[in-house]
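Below is one structure, written out as structure tokens, with a few remarks after it.
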Ligand code: SF4
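In my numbering, the protein residues as written are 469 to 751.
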């Protein structure tokens, strides 16, 4: 398998992160073979949570960053060198709880990189506490009587914030998810995919997804249709739920750096002060 590393994989057997890793490897590998991206320009960035180990398992330029901070790290990396193809990986707690403000502003500003949320609807690394996408009434270690609040719908949030690419996949559907990832990676702007990724230990949604998920055909073509489809599932696990998967919305808008032409990549900046002179001040 391409991009394998010597790191020991510590995900639990059967974890939904495994097929997501396979989809990501295949998507990046195929894009390189098709001549659309170059391996030396790919940077993968992950946050904190079980998902965060994905950067240890991909033999690519990578950063494993702090809680909820994948998006600012990805934005800074892309602004520092716009030639890079930046791919962010976040968790649902990492993104929709700890880093929520970053998510809204990345979508609103059309930050120019792709972003995949491993959405297992649970804080799993900390052994099972609810996140913003955990279903209502779900009993967890910190909500023994059931989670009292309704989950957020990340797709609706992204659409409302102005995201230019909004998709949802299911990690165990490797081929379709790989195709969705390829489109997100190649999108000019914020390529957001919420990837439902069952945690087989603390929130095993495989049975629910197998019964209720379907890939949209045809996919929505307007914003209105995208909203209608995104509203079809409220992230609860109800008996009559239908979970559409695929590309909900894609449009073309200027990217963050196109809207800020005064921004210069770091290596093009002409500095008056050298590092040596700067440090003299602190001696
Ligand atoms: Fe995967 Fe859950 Fe195990 Fe984390 S705790 S590695 S999400 S199965």
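Ideal Cβ placement from N, Cα and C applies to all residues, glycine included.
For residue 681, the uninterrupted beta strand (DSSP E) segment begins and ends at 681-683. Restricting attention to 578, 594 and 678, the CA atom closest to the CA of residue 630 is found in 578. In this structure, residue 660 sits away from residue 484, with a CB-CB distance that is not shorter than 8 Å. Ranked by how close their Cα comes to the Cα of residue 586, the residues 569, 628, 538 and 616 have 538 in first place. Nearest neighbour of residue 552 by Cα position, chosen from 746, 748, 733 and 739, turns out to be 733. The Cβ-Cβ distance between residue 491 and residue 642 falls below 8 Å. For residue 477, DSSP assigns no beta-bridge partner whatsoever. In the DSSP annotation of this structure, residue 529 is not part of any alpha helix (DSSP H); the continuous beta strand (DSSP E) holding it starts and ends at 529-532. Exclusion of the five residues before and after residue 571 leaves 563 as the residues of its chain whose Cβ lies within less than 6 Å of its Cβ. Here residue 623 is near residue 716, since their CB atoms are less than 8 Å apart. Cβ-Cβ distances below 8 Å link residue 620 to 564, 600, 601 and 703 in the same chain, with the five nearest sequence neighbours on each side left out; the list follows chain order. A Cβ-Cβ distance of about 7 Å is found for the pair residue 609 and residue 595, placing them in contact under the 8 Å criterion. Beta bridge pairing from DSSP links residue 636 with 662 and 714.
It is roughly 35 Å from the alpha-carbon of residue 663 to the alpha-carbon of residue 735. Per DSSP, reduced to three states, the secondary structure at residue 484 is coil, with no helix or strand assignment.
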